[in-house]
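Trainee: So that we are looking at the same thing, I have put the structure below in structure tokens.
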Amino acid sequence: MTQDNNNDDSTIHVYSSALEMAAAIRTGTITSRELVEQHIARIERLDHWKINAVVLRDFDAARAQADKADEMVRNGESLLLGPFHGVPLTLKESIFTPNFKTTMGDPKFWVPPGAHSETARLMMEDGGAILMGKTNLCKNALDWESNNPIYGATSNPFDTTKSPGGSSGGAAAALAAGFTPLEVGTDLGGSVRIPAAMNGVVGHCATRGIVPAPNPVFRWPCCGGF
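Position one of the sequence shown corresponds to residue 13 (this note's numbering), numbered consecutively onward.
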């Protein structure tokens, strides 16, 4: 998922596009650490129980990774920089990552930290993005809203009495609220496309087989980005 950025201001901010952020980091206009801190501050200030989009967080790890990303830029390691080098990122809770548990919002489903998916590897190791946390979903990613017995409900940031859709509702809400410039969800029956429409952001469901399965257990055929 990406934001629809209509702001003509040349200053890099939380509603700049992921590619604009990556370009600014490469040229030294802004550091990865500064961008990560901007997004962390916004999450901590606004993502209270009424929105509840970013349900798993590891900001210290994100800061450490951002510092490493900035060091690579300072050292002139341009050939090693991925397309999203230093850009903050959140992922849907159902996507396996090495430093976060995965529950699918289901108390009976539990994968401890350490599990890895090709989706996470592509975005972080190859792409260079900085993972700040994981976003909410509905139980087992099988509904058109985002409410589950582990993390509770996510609301639409434009009107917290309304739903952000599902199942990648936390992902779309986080993007719309400026908590992240980049997000990866899953989509089998509209789980990226529906929340994107309901939150006013751009979501794309990749063609089946183009992107590796984000969860080796359920192996959804389609992965989508915001």
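The C-beta atom is built at its ideal place from N, Cα and C for all residues, glycine as well.
Nearest to M64 by alpha carbon, out of Q77, I24 and G182?
Mentor: At residue 64 the sequence reads Asn, which differs from the Met that was named. Considering only alpha carbons, the answer is G182.
Trainee: Throw me the rounded Cβ distance for the P161 and A189 pair, which I believe falls under 8 Å.
Mentor: Their Cβ separation, rounded to whole angstroms, is 23 Å, which puts P161 and A189 out of contact at 8 Å.
Trainee: Measure how close the beta-carbons of M144 and I206 come, nearest whole angstrom, since I'm counting them as under 8 Å.
Mentor: Wrong, their Cβ atoms sit about 24 Å apart, outside the cutoff.
Trainee: What three-state label does DSSP hand V223 in the structure shown?
Mentor: coil
Trainee: So, with DSSP's three-state summary, where would you put T131?
Mentor: helix
Trainee: Three or more C-beta pairs under 8 Å: does that hold for the segment 71-81 against the segment 113-130?
Mentor: By the C-beta criterion, the segment 71-81 is judged not to be in contact with the segment 113-130, since fewer than 3 inter-stretch pairs fall below 8 Å.
Trainee: Can you confirm whether A209, when its beta carbon is compared against all beta carbons of chain D, has any partner nearer than 9 Å?
Mentor: Within the model displayed, chain D is absent; a lone protein chain is all it includes.
Trainee: Mind checking K151: buried by the 16 CB within 10 Å criterion, or exposed?
Mentor: With 16 or more other Cβ atoms within 10 Å, it is buried.
Trainee: E105 to V213, Cα distance in whole Å?
Mentor: 19 Å
Trainee: Are the CB atoms of P176 and E195 nearer to each other than 9 Å?
Mentor: no
Trainee: Alpha carbon to alpha carbon, how far is P193 from N111? Give it in angstroms, no decimals.
Mentor: So the two alpha carbons sit approximately 20 Å from each other.
Trainee: Quick one: grab the DSSP three-state call for G140.
Mentor: coil
Trainee: Taking DSSP's pairing of strands, which residues face P100 in a bridge?
Mentor: For P100, which the question treats as bridged, DSSP gives the partners I142.
Trainee: So, using beta-carbon positions, are G197 and F238 closer together than 9 Å?
Mentor: Yes, the Cβ-Cβ distance between G197 and F238 is below 9 Å.
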